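Peer 1: Protein chains in written order, with the UniProt record's numbering: chain A, 1 to 207; chain B, 1 to 207; chain C, 1 to 207. Attaching a single structure in C-alpha cells format; questions to follow.
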Amino acid sequence: MNVEILTPLLDVLDILGVAVFALSGALLAAKDRQTFVTMVFFALMTGVGGGTVRDLLIGAPVFWISDPWIAFACFAVALLTWMTPTRWWEGKLLEFADGAGLTGYAVLGAAKALSYGVPPVPAVLMGVVTGCVGGIIRDVVAGRPSIIVGPELYITAATLSAALCVLGEVIGLPRIPVWIAAGTAGFLLRSAAIHWKLALPAYSREA
Amino acid sequence: MNVEILTPLLDVLDILGVAVFALSGALLAAKDRQTFVTMVFFALMTGVGGGTVRDLLIGAPVFWISDPWIAFACFAVALLTWMTPTRWWEGKLLEFADGAGLTGYAVLGAAKALSYGVPPVPAVLMGVVTGCVGGIIRDVVAGRPSIIVGPELYITAATLSAALCVLGEVIGLPRIPVWIAAGTAGFLLRSAAIHWKLALPAYSREA
Amino acid sequence: MNVEILTPLLDVLDILGVAVFALSGALLAAKDRQTFVTMVFFALMTGVGGGTVRDLLIGAPVFWISDPWIAFACFAVALLTWMTPTRWWEGKLLEFADGAGLTGYAVLGAAKALSYGVPPVPAVLMGVVTGCVGGIIRDVVAGRPSIIVGPELYITAATLSAALCVLGEVIGLPRIPVWIAAGTAGFLLRSAAIHWKLALPAYSREA
C-alpha cells in the first residue's frame with residue numbers, strides 16, 4: 001500500500017492534525033506566560049513529535065523534514081496563539097478537536113506503518129505513538145504530569161482507532177471505509193470520555 | 001560478526017531481558033496507582049527503550065518493530081502485574097533480576113554495535129545505552145529522579161560488562177566465553193553494590 | 001555541498017563545540033554533587049545530544065558513532081571537571097563560550113542539513129535543534145526547568161545564525177564568509193543578551 005496516492009486529501013488532513021496538536025502546545029506555553037519563541041518551539045514539538053518518533057522507528061524519512069509547509073503551519077498556529085486571548089481556543093471545542101487529531105493520527109500512523117511492512121501488533125503501537133507522543137514530549141519538557149499518567153480514556157481511544165485500522169487491513173476490507181470507521185469509533189469513545197468524564201479503573205490491590 | 005547466527009539462544013535471552021525491564025516499568029505504574037493502559041505503556045517504554053535508542057544510533061532496524069513477540073511480552077508482563085499484588089515482585093529478587101538484565105543487555109548492545117562496524121569506544125557506550133536508557137525514559141516520563149542521578153553502582157556495572165565485551169573482541173578472544181565473563185563480572189559488581197549498598201564518591205570540592 | 005571537504009578545520013571546531021556543551025553538562029552534575037560516572041553521562045548527553053537528534057532527523061549517520069574522538073572529548077571534559085573546583089569554569093566566560101558553541105553549532109547544523117538536501121525552512125530548524133537540544137535533554141534528565149522555558153534570548157540567537165546561514169545559501173553567496181557572518185551575528189546577539197540581560201516579552205494577554 002502506498003499512502004502517497006491519497007496525497008491531496010491526506011495532506012490537508014495531515015496539516016490539520018499537526019495544527020490541532022501545535023495549538024495545544026502553543027496554548028500551554030501561553031498559559032505559562034512564555035515568549036513567542038518558546039511558543040513556536042512548543043507548537044513544533046507537540047505538532048510533529050508523534051509522527052517524528054513513528055518515522056524514526058519504522059525507518060521512514062521524517063515527514064516534516066522534506067515538507068516545509070508543516071513547519072510553517074506550526075509557526076502560523078503559534079503566531080495566532082500569540083495574537084489572541086487563550087480563552088478563544090480553550091474549553092470543550094479544543095478538547096474535541098484534540099480528540100479528532102488523536103484518533104485521526106492513530107489511523108494514519110497505523111496505516112503508514114503497515115505500508116512500510118510493519119507487522120500488525122507493532123503497527124497498532126505505531127498508531128498509538130503517532131497520536132500520543134507529541135503530547136508526552138510537550139508535558140515532559142514543560143515539567144508537568146504527562147497525559148499518559150492518569151485514568152483518562154486517551155491512549156485507549158487512540159488504541160481503538162489504530163487496532164480497528166489494522167484489523168480491517170488484516171481481514172482484507174477496503175481501506176477508505178475502514179479508516180473512516182476506525183477514526184470515528186475512537187473519536188466517539190474519546191468524546192464520550194470527555195462528556196461523561198469516563199475514566200479507567202486504577203490499580204488498587206493491596207501492596 | 002552477525003549476532004543473528006546465535007538466534008535461538010539470544011532470542012530467548014532477549015525476551016527475558018525485555019520482560020525484566022518491562023516488569024520494573026509496570027511495577028512503577030502499579031505503585032503510582034495507574035490504570036492498566038498506563039501500565040502497558042510503561043512496560044513498553046522501559047522494556048524496549050534502551051535497545052530502541054541503540055538501534056537508532058547505530059542505524060540498525062529497530063528490533064521490536066519487525067518482531068511482534070517483544071511487544072506481546074511487554075503486554076503479558078503488564079497483565080501479570082495488573083492481576084497480582086506488587087509485593088510478589090518487589091524486593092531483592094527484582095533488584096538482582098534487573099541487574100542481570102542490565103549487564104546482559106550491556107553485553108548484547110556492545111556486541112551488536114561491534115557487529116555493525118561501530119568503533120570500540122562508541123560500542124562500549126552503545127552497551128551502556130542499551131542497559132540504562134529504558135530506565136531513564138521510565139523515570140523522566142514518571143517525573144521522578146532518574147537512576148543515573150545518584151551514587152549507586154548502576155551505570156558503572158553496565159560499563160564494566162560492555163567494556164570487557166569490547167576488549168575481548170579487540171584482542172581477538174573467542175566470543176561466547178568473553179560474553180559470559182563480561183556479563184558475569186558486571187552482574188557480580190552490581191550484586192555486590194545491592195548487597196553492601198556500595199556507592200561511588202560524589203563530587204565534593206568546595207565550589 | 002559536502003561538509004566533509006572542510007574537514008581539518010571543521011573537525012577541530014566541532015570537537016571544541018562538543019567540549020563546551022559537555023562542560024556545561026558536567027558542571028551541572030558537579031553542582032548537584034553527583035558521582036564521576038553521572039558527570040560523564042551528563043557531559044555526553046549535553047555534548048552530543050543536539051547533533052544526534054539532527055542526524056536522526058535528516059537521515060545522516062550519527063556523527064559521534066563513527067568518530068571515537070568525540071566520546072573521548074566528553075570523557076576528558078568530565079575528568080577535568082571532576083578534578084577542579086567548579087568556580088574555575090563558571091561565570092561569564094562559560095556563558096560566552098556556550099553562546100559561541102550555540103551559534104557555531106546552529107550554523108554547522110543548518111549547513112549540514114542543506115548538504116543533505118533538506119529544504120530551507122526545516123534546515124533552519126535543524127540548526128536550532130543542533131544548538132539547543134543537548135541543553136534541553138540535560139535539563140529534562142536533571143529534572144530542572146529547561147532553558148527554552150524562559151525569556152532569555154537563547155533560541156533566538158541560534159535561530160538568527162541558522163537563518164542567515166540558510167539565507168546566504170539560498171541567494172548563492174560564497175559559503176565561508178556567510179558562515180562566519182552568520183555565526184558572528186548570532187554570537188553578538190547572544191553576548192548582548194548576556195551582558196544587558198535582554199529578554200523577550202512574555203505572553204501577557206488576559207486569559
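Even for Gly, the Cβ is constructed at its ideal location relative to N, Cα and C. What you are looking at is a predicted structure, and each value in this text was computed from that prediction instead of being measured.
Is the stretch 102 to 122 of chain B touching the stretch 138 to 148 of chain B in the sense that three or more CB pairs, one from each, lie closer than 8 Å?
Peer 2: Counting Cβ pairs under 8 Å, fewer than three are found: no touch.
Peer 1: Distance, Cα to Cα, A199(C) vs Q34(B)?
Peer 2: For this step, residue 199(C) is matched to residue 199 along the third sequence. For this step, residue 34(B) is matched to residue 34 along the second sequence. Going from the Cα of A199(C) to the Cα of Q34(B) covers about 40 Å.
Peer 1: Can you tell me whether F36(C) is buried or exposed? The criterion is at least 16 other CB atoms within 10 Å of its CB, across all chains shown.
Peer 2: Working through the third sequence from its first residue, we reach residue 36(C) at position 36. Per the 10 Å Cβ criterion, buried.
Peer 1: Relative to the alpha-carbon of K197(C), which residue among A113(C), E95(C), P119(C) and R138(C) has its alpha-carbon at the smallest distance?
Peer 2: If you number the third sequence from 1, residue 197(C) lands on position 197. Closest option to K197(C), Cα to Cα, is E95(C).
Peer 1: Please name the residue, chosen from A76(B), Y116(B) and D14(B), that lies closest to A100(B) on a Cα-to-Cα basis.
Peer 2: Translated into the one-based positions of the second sequence, residue 100(B) becomes position 100. Residue D14(B) is the option with its Cα nearest to A100(B).
Peer 1: Go ahead and pull the three-state DSSP assignment for M39(B).
Peer 2: Working through the second sequence from its first residue, we reach residue 39(B) at position 39. Correct three-state label for M39(B): helix.
Peer 1: For the alpha helix (DSSP H) containing T184(C), list its first residue and its last residue.
Peer 2: If you number the third sequence from 1, residue 184(C) lands on position 184. Counting along the chain, the alpha helix (DSSP H) containing T184(C) begins and ends at R175 to W196.
Peer 1: Determine the closest residue to L164(B) out of L27(B), M39(B), V121(B) and A43(B), with distance taken between C-alpha atoms.
Peer 2: If you number the second sequence from 1, residue 164(B) lands on position 164. Out of L27(B), M39(B), V121(B) and A43(B), V121(B) has the C-alpha closest to the C-alpha of L164(B).
Peer 1: From this set, V40(C), F75(C), L114(C) and G104(C), which residue's C-alpha is nearest residue 214(A)'s C-alpha?
Peer 2: It is not possible to answer for residue 214(A), since the shown part of chain A is limited to 1 through 207.
Peer 1: Could you give the distance in angstroms between the alpha-carbon of T46(B) and the alpha-carbon of V133(B)?
Peer 2: Counting from 1 along the second sequence, the entry for residue 46(B) is found at position 46. Counting from 1 along the second sequence, the entry for residue 133(B) is found at position 133. Approximately 8 Å between the Cα atoms of the pair.
Peer 1: Would residue 266(B) and I70(B) qualify as a contact pair, given that the criterion is a beta-carbon distance under 7 Å?
Peer 2: In this structure chain B extends from 1 to 207, so residue 266(B) is not present and cannot be described.
Peer 1: Give a yes or no on whether 7 Å exceeds the smallest Cβ distance from R54(A) to chain B.
Peer 2: Locating residue 54(A) in the first sequence gives position 54, counting from the first residue. By this cut-off, R54(A) is not an interface position.
Peer 1: Would you identify the three-state DSSP class for E90(B), choosing helix, strand or coil?
Peer 2: One-based indexing of the second sequence puts residue 90(B) at position 90. Three-state DSSP puts E90(B) in coil, outside helix and strand.
Peer 1: Verify whether the separation of the beta carbon atoms of V128(C) and A97(C) is less than 7 Å.
Peer 2: By one-based count along the third sequence, residue 128(C) stands at place 128. By one-based count along the third sequence, residue 97(C) stands at place 97. Contact: no.
Peer 1: Exposed or buried, which one is I136(B) when buried takes at least 16 other CB atoms within 10 Å?
Peer 2: As a working mapping, residue 136(B) is identified with position 136 in the second sequence. So I136(B) ends up on the buried side.
Peer 1: Cα separation between V40(B) and A78(B)?
Peer 2: Walking along the second sequence from the start, residue 40(B) turns up at place 40. Walking along the second sequence from the start, residue 78(B) turns up at place 78. Their Cα atoms are separated by approximately 5 Å.
Peer 1: Identify the contact partners of I65(A) in chain C, using a Cβ-Cβ distance below 7 Å as the criterion.
Peer 2: The residue labelled residue 65(A) in the question sits at position 65 within the first sequence. Here the neighbours are L57, I58, V118 and P122.
Peer 1: From D55(A) to P119(C), what does the alpha carbon distance come to, in whole angstroms?
Peer 2: For this step, residue 55(A) is matched to residue 55 along the first sequence. For this step, residue 119(C) is matched to residue 119 along the third sequence. Cα-Cα distance, rounded: 18 Å.
Peer 1: For a contact defined as C-beta to C-beta under 7 Å, what are the partners of E206(A) on chain B?
Peer 2: The residue you call residue 206(A) lines up with position 206 of the first sequence. Those within 7 Å of E206(A) in chain B are P85.
Peer 1: For M1(C) and L167(C), what's the separation of their Cα atoms in angstroms?
Peer 2: Stepping through the third sequence from its first residue, residue 1(C) is reached at position 1. Stepping through the third sequence from its first residue, residue 167(C) is reached at position 167. For M1(C), the predicted model reports a pLDDT of 38, less than 50, meaning its position is unreliable; a value from the coordinates is still stated below. Roughly 15 Å between the two C-alpha positions.
Peer 1: Under a Cβ-count criterion, where at least 16 other Cβ atoms within 10 Å of its own Cβ denotes burial, should V170(A) be classed as buried or exposed?
Peer 2: For the purposes of this step, residue 170(A) is taken as the residue at position 170 of the first sequence. When all chains shown are included, V170(A) counts as exposed.
Peer 1: The alpha helix (DSSP H) that contains residue 265(C), what's its start and end?
Peer 2: The shown model of chain C, from 1 to 207, leaves out residue 265(C), and the question about it has no answer.
Peer 1: Under 8 Å by Cβ, that's how I've got A158(A) and G183(A) pegged, so tell me the actual separation to the nearest angstrom.
Peer 2: By one-based count along the first sequence, residue 158(A) stands at place 158. By one-based count along the first sequence, residue 183(A) stands at place 183. Not really, about 10 Å apart at Cβ, beyond 8 Å.
Peer 1: Report the partner residues of A199(A) according to the DSSP bridge assignment.
Peer 2: For the purposes of this step, residue 199(A) is identified with residue 199 of the first sequence, where counting begins at 1. Beta-bridge pairing links A199(A) to E152(A).
Peer 1: Output, in sequence order along the chain, the residues in the stretch 184 to 203 of chain C whose CB is closer than 9 Å to any CB in chain A.
Peer 2: Going along the stretch 184 to 203 of chain C in chain order, one finds A199, L200, P201, A202 and Y203 with a Cβ nearer than 9 Å to chain A.
Peer 1: Nearest CA to the CA of A185(B): which residue from L102(B), P201(B) and A123(B)?
Peer 2: In the second sequence, counting from the first residue as 1, residue 185(B) sits at position 185. Comparing Cα-Cα distances from A185(B) to each of L102(B), P201(B) and A123(B), the minimum goes to L102(B).
Peer 1: What number of angstroms, rounded off, separates the C-alpha of D67(C) from the C-alpha of G104(B)?
Peer 2: Translated into positions along the third sequence, residue 67(C) becomes position 67. Translated into positions along the second sequence, residue 104(B) becomes position 104. Those two C-alpha atoms are separated by around 26 Å.
Peer 1: So, at 7 Å on beta carbons, what are the nonlocal neighbours of W192(C) in its own chain, with the 5 sequence-adjacent residues on each side left out?
Peer 2: Here the question's residue 192(C) lines up with position 192 in the third sequence. Inspection of the sequence shows that residue 192(C) is occupied by Ala rather than by Trp. So the list reads L198, once near-sequence residues are dropped.
Peer 1: Is V12(A) buried or exposed, if buried means 16 or more other CB atoms sit within 10 Å of its CB?
Peer 2: Working through the first sequence from its first residue, we reach residue 12(A) at position 12. That one is exposed.
Peer 1: Quick one: what does DSSP say A157(A) is sitting in, helix, strand or coil?
Peer 2: Against the first sequence, residue 157(A) aligns to sequence position 157. Looking at A157(A) - three-state DSSP - the assignment turns out to be helix.
Peer 1: Could you tell me which whole alpha helix (DSSP H) segments of length 4 or greater appear in the UniProt domain "Glycine transporter" (12 to 84) of chain A?
Peer 2: Runs found: 36 to 58, 63 to 66 and 68 to 82.
Peer 1: Of all the residues that make up the stretch 149 to 162 of chain C, which are near chain A by a beta-carbon distance shorter than 7 Å?
Peer 2: Going along the stretch 149 to 162 of chain C in chain order, one finds V149, P151, I155 and T156 with a Cβ nearer than 7 Å to chain A.
Peer 1: Alpha carbon to alpha carbon, how far is L44(C) from G51(C)?
Peer 2: Here residue 44(C) corresponds to residue number 44 of the third sequence, with the count starting at 1. Here residue 51(C) corresponds to residue number 51 of the third sequence, with the count starting at 1. If you take the alpha carbons of L44(C) and G51(C), they lie about 11 Å apart.
Peer 1: Look at the Cβ atom of T86(B), then the Cβ atom of L27(B), and state whether they are nearer than 7 Å.
Peer 2: Against the second sequence, residue 86(B) aligns to sequence position 86. Against the second sequence, residue 27(B) aligns to sequence position 27. Yes.
Peer 1: Where does V128(A) sit, in a helix, a strand or coil, going by DSSP?
Peer 2: Residue 128(A) sits at position 128 when you count from the first residue of the first sequence. Helix.
Peer 1: Report the option in G25(B), L93(B) and D32(B) whose CA atom is closest to the CA atom of G49(B).
Peer 2: On the second sequence, residue 49(B) is found 49 positions in, with the first residue counted as 1. Closest by alpha carbon: G25(B).
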